[in-house]
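**Student:** If you're matching positions, the sequence shown starts at 4 in my numbering and goes up one per residue. All C-beta atoms in this analysis are idealised placements derived from N, C-alpha and C, irrespective of residue type, glycine included.
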Amino acid sequence: MKRIISNNFINDLENGVLRNILKYVKSDTTLAMEIRKDGINIYYRGGSLLKIKEVEENQYNGYFDKNYIKTENNQSVVVECIPRIDNLSKANKLIDYIPKIKQQMDLWMKVEMPDGGEREYKHIVAKENNYGLIGKESDYFIGDIEYRGCLNNYLFDMIGVKWAVDNDNSENLDLALFKMYYGDKHLKTLEEVLSDLNNMIEFLYDEKSLSLLKDDLKEIYKAKTILGLLYPYEELKIGFSDKIEIVYIFGNQSNENNNLKNILIGIKNSKQYEEISKIADIKIAKSSFMGYGLYEKNMMNLDYAINML
């Protein structure tokens with residue numbers, strides 16, 4: 004079963020009819036390209052701005068989520084933006100839609116997510132750890148955001164690898180799975196967090212699904228580095244150790260947030276924590292001087308995080 008985009012798709016992004024789309028995304032720091040099994044998603048502020056799917060060899064359709072349209076002028080953006088993209092002219096026409104789609108998404112987010120929200124925060128964390136100077140120095144690389152893949156109805160907010168900056172060996176990396184809660188008011192109840200842990204336990208003990216996720220990541224990193232979307236910007240082959248980290252990111256939480264402290268205590272005392280600790284390490288990410296870089300030295304265990312609050 005095909006897991007990610009075809010070699011033809013990659014070649015068209017790199018040197019073919021889609022090359023200007025890739026160039027545009029790489030030149031716009033507000034955009035991020037994620038690779039799916041049947042196409043690519045271009046994200047803006049954490050929302051899917053465009054989906055491009057391969058419909059035939061060297062032919063593509065571009066789609067926009069009509070749910071983002073908040074104005075009466077819904078003719079300004081068509082849902083299937085450009086069908087049968089098979090030449091540079093059609094691809095460039097799709098690029099011309101991007102500023103207009105951004106405007107529609109800005110209007111939607113102003114109404115629905117005035118504080119930016121969790122999805123935008125994911126986008127920023129992934130971008131900061133994958134690109135530029137910070138990406139070269141951080142200890143974690145994000146392979147995908149809002150990953151469903153082989154998970155059916157469950158999703159991880161982000162998936163990636165722990166790859167210490169001083170480690171030159173890419174064949175023995177730890178799998179890193181991320182859960183994010185942004186803002187005090189969006190923090191879930193202990194019951195919901197423990198239910199989420201149950202889903203993780205079920206997934207992690209399913210060797211077939213876990214293997215498929217790792218295979219997806221291998222292909223994603225290979226494709227992203229070929230396309231120049233991820234440092235070190237060359238065809239990267241990775242392998243995995245037996246270690247797994249589950250990293251919680253609690254964005255913009257007050258140090259005096261008793262709810263967060265009580266949830267962490269509840270996790271520590273739960274049977275779910277006892278069970279998942281047999282196969283994975285739970286870490287709490289701490290920011291580095293107000294930044295978004297993920298560094299090994301700033302990863303706390305539960306006891307440390309509880310004592311800090």
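Quickly, what does DSSP pair I88 with across the bridge? List them, please.
**Tutor:** DSSP, once it has assigned bridges, lists Y63 as partnering I88.
**Student:** Excluding the 5 residues flanking S9 on each side, which residues of the same chain have their C-beta closer than 7 Å to its C-beta?
**Tutor:** Counting only Cβ-Cβ distances below 7 Å, and skipping sequence neighbours, we find E57.
**Student:** Which one or two residues does DSSP pair with S9 in a beta bridge?
**Tutor:** None; S9 has no bridge partner.
**Student:** Spatial neighbours of M4 within its chain, please: CB distance less than 6 Å, with the 5 preceding and 5 following residues excluded, ordered by chain position.
**Tutor:** Confidence at M4 is low in this model, with a pLDDT of 41, below 50, so its placement is unreliable and the value that follows should be read with caution. Around M4: no qualifying Cβ.
**Student:** Run the CB neighbour count on N70, radius 10 Å, all protein chains shown included, and call it buried at 16 or more, exposed below.
**Tutor:** Its Cβ having fewer than 16 others within 10 Å, N70 is exposed.
**Student:** I believe L312 touches K274 by the beta-carbon criterion, under 8 Å. Please report the beta-carbon distance rounded to the nearest angstrom.
**Tutor:** So it is not a contact: roughly 23 Å between Cβ atoms.
**Student:** Please confirm if the region 214-231 is in contact with the region 119-129, defined as three or more CB-CB distances below 8 Å between the two stretches.
**Tutor:** In short, these stretches do not touch, since the Cβ pair count stays below three.
**Student:** Extract the residue ranges of the alpha helix (DSSP H) inside the region 209-291, only unbroken runs of 4 or more that lie entirely within it.
**Tutor:** If we require 4 residues or more, the alpha helix (DSSP H) runs fully inside the region 209-291 come out as 210-229, 261-271, 274-279.
**Student:** For a test of the three-state rule: what should DSSP assign to M203, helix, strand or coil?
**Tutor:** Three-state DSSP puts M203 in a helix.
**Student:** Just reading off the beta strand (DSSP E) that G120 is part of, what are its end residues?
**Tutor:** Segment 120-133 is the alpha helix (DSSP H) holding G120; no beta strand (DSSP E) there.
**Student:** Whole angstroms is fine: what's the gap from I12's alpha carbon to E259's?
**Tutor:** It is Phe, not Ile, that sits at residue 12 in the sequence shown. Answer to the nearest angstrom: the Cα atoms are 49 Å apart.
**Student:** Identify which residue in F159, Y184, E140 has its Cα closest to the Cα of D171.
**Tutor:** D171 has its Cα closest to that of E140, out of F159, Y184, E140.
**Student:** CA-CA distance, E174 and S214?
**Tutor:** Spanning the two alpha carbons is a distance of roughly 15 Å.
**Student:** Going by Cα to Cα distance, which pick from A179, K246, D41, T33 is closest to Q62?
**Tutor:** Checking every option, the nearest Cα to that of Q62 belongs to D41.
**Student:** Can you grab the Cα-Cα spacing for the pair G186 / D89, in whole Å?
**Tutor:** About 44 Å.
**Student:** Spatial neighbours of D68 within its chain, please: CB distance less than 7 Å, with the 5 preceding and 5 following residues excluded, ordered by chain position.
**Tutor:** Around D68: S51.
**Student:** Which residue from K165, G231, W111 puts its Cα closest to that of I72?
**Tutor:** Out of K165, G231, W111, W111 has the C-alpha closest to the C-alpha of I72.
**Student:** What are the residues that DSSP puts in a beta bridge with I145?
**Tutor:** I145 is bridged to G163.
**Student:** Alpha carbon to alpha carbon, what distance is there between Y27 and I270?
**Tutor:** Each residue's alpha carbon lies about 43 Å from the other.
**Student:** F181 and M161: beta carbons closer than 8 Å?
**Tutor:** For F181 and M161, yes; Cβs fall inside 8 Å.
**Student:** What does the Cβ neighbour count give for V164, buried or exposed, with the cut at 16 atoms within 10 Å?
**Tutor:** Per the 10 Å Cβ criterion, buried.
**Student:** Please go through the same chain and pick out, in chain order, the residues whose beta-carbon is closer than 8 Å to the beta-carbon of M116, but skip the five residues on each side of it.
**Tutor:** Correct list, in chain order: R122, E123.
**Student:** If we require 3 or more residues per run, which beta strand (DSSP E) segments fall completely within the region 92-122?
**Tutor:** With a minimum length of 3 residues, no continuous beta strand (DSSP E) run stays inside the region 92-122.
**Student:** Do you know how far the Cα of D209 is from the Cα of D245?
**Tutor:** Roughly 14 Å separates the two Cα atoms.
**Student:** Is the CB-CB distance between E248 and K289 below 8 Å?
**Tutor:** The answer is no: Cβ separation not under 8 Å.
**Student:** Where are the alpha helix (DSSP H) runs, 4 residues long or more, that stay fully inside the region 17-49, in chain order?
**Tutor:** Segments of the alpha helix (DSSP H) lying fully in the region 17-49: 22-30.
**Student:** Quick check on the DSSP output: the beta strand (DSSP E) that includes L180 runs from which residue to which?
**Tutor:** Its beta strand (DSSP E) spans residues 176-185.
**Student:** Using CA coordinates, which residue listed in E222, E131, Y143 is at the minimum distance from A179?
**Tutor:** Answer by Cα proximity: Y143.
**Student:** Can you tell me where the alpha helix (DSSP H) with I309 in it begins and where it stops?
**Tutor:** Where I309 is concerned, the enclosing alpha helix (DSSP H) stretches over 305-311.
**Student:** Quick one: what's M302 bridged to in DSSP?
**Tutor:** Answer is A288.
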